[in-house]
Amino acid sequence: MSFQAPKGTFDWLPPRSERVLAVREALAAPLRLAGYGYIETPVFEDTQLFARGVGESTDIVTKEMYTFPDKAGRSLTLRPEGTASVVRAVLQHNLHAGQLPVKLWYSGSQFRYERAQKGRYRHFWQVGAEALGAEDPALDAELIVLATRGFASLGLKNVRLLLNTLGDKNCRPAYRAALQDFLRGLDLDEDTRARIEINPLRVLDDKRPEVQAQLSDAPLVVDHLCEACKAYHDEVRSLLREAGVAFEDDPKLVRGLDYYTRTTFEFVHGGLGSQSAVGGGGRYDGLSEMLGGPPLPSVGWALGVDRTFLAMEAEGLLGDDAAHERVQVYGVPLGDDARRRMFLLIDELRAAGLSADMAFGGKGLKGAMKGAGRSGAAFALILGERDLAAEAVQVKDLATAEQTEVPLAKVVDVLKGKVQ
RNA sequence: GUGGGUGUAGCUCAGUUGGCAGAGCGCCAGGUUGUGGUCCUGGAUGUCGAGGGUUCAAGUCCCUUCACUCACCCCA
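Following this note's numbering, the numbering of the first sequence begins with 44 at its first residue and continues without gaps.
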């Protein structure tokens with residue numbers, strides 16, 4: 044084997060790959076019902092878009108981006124997340140000049156240069172949604188509800204919703220300073236001490252027990268919220284409760300991107316190995332301005348398609364993907380004349396809306412019939428010299444082994460009736 | 001960036017104190033010259049990840065390296 048997929052990437056193969064398409068569709072379906080419009084943005088962007096949007100101090104920007112110069116010397120980066128691109132597109136095309144909020148959804152690949160492990164790959168897929176230009180707790184709640192509907196429609200039962208707020212530009216600076224004071228007094232390693240100065244909230248999210256043990260008395264953002272943030276957060280929580288969406292308050296939930304304000308949330312699942320998030324998001328009221336646009340308070344989320352897939356696997360929802368129907372009808376030609384006629388007949392069947400395949404490669408009857416069996420087809424069409432002479436074809440029901448001769452001129456209609 | 005585990009057939013994996021390269025599944029063919037899915041019989045497929053070393057002899061022991069994988073940091 045001479046070539047392999049690049050490190051940290053993988054291939055989706057049939058029949059499993061079909062399930063991935065279905066997962067994407069299921070996660071997006073609630074968004075369509077809620078009036079979100081589909082947006083597709085380039086897979087690569089100006090490096091500065093992510094540096095300024097995602098945050099210069101995050102590890103994503105400092106060491107996890109696929110950044111490269113193009114032939115003209117521009118610095119481009121494969122997108123590590125979707126939100127910055129969507130905000131850029133909205134600003135570039137003045138979508139926010141119309142009625143607000145602008146509601147958009149996307150589905151596509153993201154790239155991060157990380158050491159791969161279960162649920163974490165260098166190339167991964169997200170379905171995302173963004174609602175730009177409105178500050179309304181109902182919008183935050185709507186997005187969260189839509190995500191839970193998507194997960195539920197896939198049959199997932201063990202997705203938990205963690206909810207927090209990060210405050211805004213009025214109350215966060217004071218909280219941040221209080222947290223820094225507290226953290227500076229702890230016994231921490233060098234990297235973590237450095238993080239206290241650039242992104243102290245991230246320290247709360249450290250998984251190491253020796254770190255968590257020291258954080259039990261850490262100041263929490265919920266205790267430092269201004270009145271407006273507190274009221275906003277209470278309203279989001281109240282709307283979720285009324286919508287019947289279960290959530291857990293997690294005062295230490297902090298997300299990895301710098302642009303979040305107020306509402307933040309994460310959907311977690313226990314079946315993904317050490318990675319637990321199947322999706323997450325929050326409000327990013329300052330991002331538009333960071334990117335040179337007008338104030339555009341917004342909220343959004345992204346759900347990991349491959350992680351959702353792992354969660355479904357952990358819950359046993361994928362079933363047996365070996366037993367699935369590939370086509371409805373399968374052609375078994377015997378000899379060159381029959382092969383030419385079968386080729387046309389299969390095309391006619393497809394034109395009539397039936398899925399159909401045939402034996403290729405000059406297989407004998409036995410091998411071709413095996414192919415028919417493996418295709419999952421309900422009917423095999425057997426066509427040999429005797430049948431050609433009679434202008435007919437043998438239609439075999441592969442479940443009952445019952446076989447009938449049907450005139451070639453009528454076989455498309457007959458099969459349409461049989462497989463409806 | 002750091003640490004652990006694993007690399008043997010298309011897939012999942014056995015392979016003992018170093019002694020002829022294996023099984024199951026899958027694939028191909030035949031049993032059945034125009035009939036699949038069951039059954040029976042037969043067959044093909046290997047740089048034992050790669051390179052070096054020890055040895056009469058290495059899949060097995062040693063060194064190096066690469067890949068995969070899981071975990072840490074970080075993150076969806």
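C-beta atoms are modelled at their ideal positions from N, C-alpha and C, and glycine is treated no differently.
Throw me the rounded Cβ distance for the residue i and residue j pair, which I believe falls under 8 Å.
{"i": "G325", "j": "T307", "result": "4 Å"}
{"i": "V342", "j": "L138", "result": "V342 to L138, Cβ: 16 Å. No contact."}
{"i": "V438", "j": "V449", "result": "5 Å"}
{"i": "P144", "j": "A174", "result": "4 Å"}
{"i": "S118", "j": "T84", "result": "S118 to T84, Cβ: 18 Å. No contact."}
{"i": "P262", "j": "F225", "result": "6 Å"}
Beta-carbon separation of residue i and residue j under 8 Å?
{"i": "L392", "j": "V372", "result": "yes"}
{"i": "G98", "j": "Y302", "result": "yes"}
{"i": "G314", "j": "L346", "result": "no"}
{"i": "L76", "j": "A184", "result": "no"}
{"i": "L70", "j": "G193", "result": "yes"}
{"i": "R350", "j": "G162", "result": "yes"}
{"i": "V254", "j": "L231", "result": "yes"}
{"i": "R369", "j": "G419", "result": "yes"}
{"i": "V311", "j": "V170", "result": "no"}
{"i": "Q153", "j": "P180", "result": "no"}
{"i": "N207", "j": "D260", "result": "no"}
{"i": "E358", "j": "K114", "result": "no"}
{"i": "A132", "j": "I187", "result": "no"}
{"i": "K459", "j": "A394", "result": "no"}
{"i": "Y109", "j": "L92", "result": "no"}
{"i": "A432", "j": "A423", "result": "no"}
Quick one, which of the options has its alpha-carbon nearest residue i's?
{"i": "L244", "options": "G416, L258, E253, F53", "result": "L258"}
{"i": "A402", "options": "A395, A394, G396, D379", "result": "D379"}
{"i": "W148", "options": "Y164, T191, T126", "result": "T126"}
{"i": "V279", "options": "K413, N201, S196, R305", "result": "R305"}
{"i": "R298", "options": "S398, P262, F352, L247", "result": "L247"}
{"i": "E88", "options": "L74, P112, G78", "result": "P112"}
{"i": "P490", "options": "L451, L134, E270, L231", "result": "The question about residue 490 has no answer here: the residues shown for the chain are numbered 44 through 463."}
{"i": "G165", "options": "K106, A115, S196, A221", "result": "Note on residue identity: the sequence assigns Arg, not Gly, to residue 165. Checking every option, the nearest Cα to that of R165 belongs to K106."}
{"i": "F386", "options": "A395, D400, E68", "result": "D400"}
{"i": "W24", "options": "I389, L121, L353", "result": "Nothing can be reported for residue 24: it is not among the residues displayed for the chain, which extend from 44 to 463."}
{"i": "L296", "options": "A217, S319, R429", "result": "S319"}
{"i": "V264", "options": "R215, R227, E233", "result": "R215"}
{"i": "G96", "options": "M333, G116, G78", "result": "M333"}
{"i": "P338", "options": "Y109, A140, E428, F53", "result": "A140"}
{"i": "P49", "options": "L186, A159, L458", "result": "A159"}
{"i": "E309", "options": "A394, T191, K212", "result": "T191"}
{"i": "A421", "options": "D440, G427, D430, G410", "result": "D440"}
{"i": "A217", "options": "K250, C269, E178, R236", "result": "C269"}
{"i": "S317", "options": "K250, R284, L360", "result": "K250"}
{"i": "L189", "options": "D430, V457, W344", "result": "W344"}
When the Cα atoms are used, what is the spatial distance from residue i to residue j?
{"i": "K90", "j": "R417", "result": "What sits at residue 90 in the sequence shown is Thr, not Lys. Near 49 Å, if we compare the C-alpha coordinates of R417 and T90."}
{"i": "H136", "j": "Y327", "result": "20 Å"}
{"i": "A442", "j": "R59", "result": "25 Å"}
{"i": "G405", "j": "L377", "result": "8 Å"}
{"i": "G51", "j": "K453", "result": "53 Å"}
{"i": "S150", "j": "A381", "result": "45 Å"}
{"i": "T447", "j": "R383", "result": "22 Å"}
{"i": "W168", "j": "V66", "result": "11 Å"}
{"i": "E445", "j": "A435", "result": "16 Å"}
{"i": "A365", "j": "M355", "result": "Note that A365 has pLDDT 49, beneath the 50 cutoff, so the model's placement of it is unreliable and the number below is only indicative. One C-alpha to the other measures close to 17 Å."}
{"i": "A72", "j": "L64", "result": "12 Å"}
{"i": "V130", "j": "S331", "result": "7 Å"}
{"i": "L229", "j": "L204", "result": "30 Å"}
{"i": "R238", "j": "Y156", "result": "20 Å"}
{"i": "L397", "j": "Q47", "result": "36 Å"}
{"i": "A94", "j": "I241", "result": "15 Å"}
{"i": "A271", "j": "L300", "result": "23 Å"}
{"i": "R219", "j": "Q142", "result": "35 Å"}
{"i": "G287", "j": "K273", "result": "21 Å"}
{"i": "V202", "j": "F290", "result": "10 Å"}
{"i": "E61", "j": "I389", "result": "23 Å"}
{"i": "L74", "j": "G80", "result": "8 Å"}
{"i": "H267", "j": "E233", "result": "27 Å"}
{"i": "A411", "j": "S196", "result": "39 Å"}
{"i": "G427", "j": "G407", "result": "11 Å"}
Counting only runs that start and end within the segment 69-128, where is the alpha helix (DSSP H) found for 4 or more residues in a row? 90-97, 102-106
Could you give the uninterrupted runs of the beta strand (DSSP E) lying entirely in the segment 379-436, keeping only those of 3 residues or more? 399-401, 422-426
If you scan the segment 148-221 from start to end, which runs of the alpha helix (DSSP H) of 4 or more residues do you find wholly inside it? 180-196
Of all the beta strand (DSSP E) runs that stay within the bounds of the segment 271-333, which reach a length of 3 or more residues? 304-311, 320-326
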